[in-house]
Amino acid sequence: QLCDHRVDFTKWFVLEYKTVKFPSSGTVFDYYICPQTHTFKPWINLVPVFEFDPDVPLQATIVHTAETHRLRFFLDMLVATRRPVMLVGAAGTGKTVLMNNKLKSLPEEYMIANVPFNFYTTSEMLQNILEKPLEKKAGRNYGPP
1 QLCDHRVDFT KWFVLEYKTV KFPSSGTVFD YYICPQTHTF KPWINLVPVF
51 EFDPDVPLQA TIVHTAETHR LRFFLDMLVA TRRPVMLVGA AGTGKTVLMN
101 NKLKSLPEEY MIANVPFNFY TTSEMLQNIL EKPLEKKAGR NYGPP
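Residue numbers (the UniProt record's numbering): 1 to 145.
Written out as structure tokens, the structure reads:
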């Protein structure tokens with residue numbers, strides 16, 4: 001049975017933080033705090049209008065929604081503060097496209113390793129993939145080339 005935990009979390013949040021004047025409709029996940037006005041604004045207001053680019057492969061095309069915009073916001077913040085990021089979800093929900101879009105926007109000083117995982121991926125395989133582009137410096141120390 002599917003359960004939307006966002007609704008349960010919103011109920012808890014509203015009861016726990018009674019002093020916060022939260023909008024009466026939607027969930028806490030539907031809003032962000034506007035830095036200029038310090039008020040709650042819907043994520044949907046930030047979604048850009050979709051413009052189809054025939055030069056971009058369909059599987060790499062992002063149709064922005066409130067959800068993708070929200071995810072990209074947190075992805076940007078986590079990467080900027082050098083925090084690890086892992087997107088989890090069902091197949092075909094856009095995790096790879098969203099992450100690839102972010103990785104393409106990073107400066108060249110970032111070293112990117114695209115590691116597809118599946119049921120058969122072992123820790124040894126992952127370690128070999130991650131160590132391959134690195135140079136052995138001294139002893140057990142590795143670093144960028």
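Yeah, the Cβ is synthetic: ideal placement off N, Cα and C, and Gly gets one too.
- When DSSP reads this structure, residue 31 sits in a beta bridge with 42.
- Excluding the 5 residues flanking it on each side, residue 72 has no same chain C-beta neighbour closer than 6 Å.
- Measuring C-alpha to C-alpha distances from residue 132 to each of 119, 113, 120, 117 identifies 113 as the nearest.
- Taking C-beta separations shorter than 8 Å and ignoring five residues to either side along the sequence, residue 15 has no partners in its chain.
- In the DSSP assignment, the residues bridged to residue 136 are 142.
- Taking a cut-off of 8 Å for Cβ pairs, the stretch 34-50 and the stretch 58-72 touch, as three or more such pairs fall below it.
- Around residue 141, the same chain offers no residue with a beta carbon nearer than 8 Å, after the five sequence neighbours per side are excluded.
- Taking the Cα positions, residue 87 is about 6 Å away from residue 95.
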